[in-house]
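Data block below; observations after.
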Amino acid sequence: MVMKILVATEKPFSKQATDGIAAIAREGGFECVLLEKYASVDELKAAVADADALIVRSDKVTAEVIDAAPRLKIVVRAGAGYDNLDLTACTARGIVAMNTPGQNSNAVAELAISMMIFMARNQFTPGTGHEISGKRLGIHAYGNVGRIVARYGRALGMEVMAYDPFISDAAVFAQDGVRMASSVAELYENSDYLSLHIPATAETKGSINYDLLISMPKGATLVNTARKEVIDEAGLAKAMAERTDLQYITDIAPDTAAELAEKFGKRFFATPKKMGAETAEANVNAGLAAARQIVAFFKEGITRFQVNR
Ligand code: NAD
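At position 8 of the sequence shown the residue is numbered 3 (my numbering), and the sequence of numbers has no breaks.
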């Protein structure tokens, strides 16, 4: 029987990406089925019923979806963050869960830099703004996106410092012309622009709190292209109320977006819909990588990007 790869996307890939995914599947001897813009979890459950592999974007793969997929062996999140996959449910069923790291990093990094300039220039409205050149840029988490933001920041004349709890060797940063902060506190205290790149995990959720935000220098801007869950929204609102110079721009609208917009006006901005990875290039890169990873898994047992070990 031909194995089936289901591509389930509430927010579809581009046609170029789905054509590429289908071609990779076909060459590998797989059938490729698309479920796009589905309206209910029941539609997704019906579609996964005979799928051996699943590719998703930000779609939620819950225990309920896994239960409805008796043949499923592998789920690939075409993207970096995989907090939409229920890893416990995957592991319990022996299903390999993967992401496609690095494929959309440039798109997200370009957005982060553009957000800094947007806020420095009064959200492109009249008035005297600032230049980001010469300012201090803090990078919180030095992964695929953080490293590119650091490089672009340096190219724009910013002084760059970074912190990542899993990198203790200053040489990793020094080779990019970046200073290593010895703690999260040191990073926030010394960043005019703080670009967030931490994943949403049990430890990071709500971790960007009042104490960190209030410690930032005068006129500082927090730029979030990571996840809304990492922000302690009450702490953010309190810090912004006390410090009328702080600014927050995010690619992931907070639960309290309306309230923040009303209270803080142009010191706050949220993109209407998450758009960090929404470039034609990232769309194709991540989709094709997901398809290649599935073929390599079934043909050669390659699990390099498995996230539920
Ligand atoms: P990555 O996996 O390459 O890097 C993540 C970094 O976070 C790693 O260097 C890791 O050491 C560090 N880290 C892990 N746990 C941490 C912790 N507890 N505290 C601080 N740092 C920690 O990921 P990436 O590709 O750089 O993406 C970063 C995040 O950006 C993703 O997790 C995702 O949530 C988000 N993202 C958003 C968009 C978007 O559309 N806005 C697109 C891609 C990624």
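No residue lacks a Cβ here, since even glycine has one placed at the ideal position from N, Cα and C.
Pairwise C-beta distances place the segment 83 to 101 in contact with the segment 271 to 290, as three or more of them are shorter than 8 Å. Counting along the chain, the unbroken beta strand (DSSP E) around Y158 starts and ends at E154 to Y158.
Inside the segment 13 to 71, DSSP marks whole beta strand (DSSP E) runs of 3 or more residues at positions 26 to 31 and 48 to 51, from first to last along the chain.
Within the DSSP secondary-structure output, I134 pairs in a beta bridge with A157 and S190.
Closest by C-alpha distance to V28, out of I16, T251 and A34, is I16. When secondary structure is reduced to three states using DSSP, Y77 falls in the coil class, being assigned neither helix nor strand. Bridge partners of L1 according to DSSP: V28 and L49. Of the candidates A197, E254 and A284, A284 places its Cα closest to the Cα of A20.
Around the beta carbon of S190, 16 or more other beta carbons sit within 10 angstroms, so the residue counts as buried. Taking a contact to require three or more Cβ pairs closer than 8 Å, the segment 204 to 212 and the segment 147 to 163 do not qualify as touching.
Going by beta carbons, V91 and N303 fall inside the 9 Å limit. Taking C-alpha positions only, K213 is separated from S9 by approximately 42 Å. Within the same chain, M235 come within 6 Å of F259 by CB-CB distance, once the 5 residues on both sides are set aside. Looking at the backbone, the Cα of A115 and that of D187 are separated by about 11 Å. D81 counts as buried, since at least 16 other C-beta atoms from the protein chains shown sit within 10 angstroms of its C-beta. Fewer than three beta-carbon pairs drawn from the segment 117 to 137 and the segment 289 to 303 are found closer than 8 Å, and the two stretches are therefore not classed as touching.
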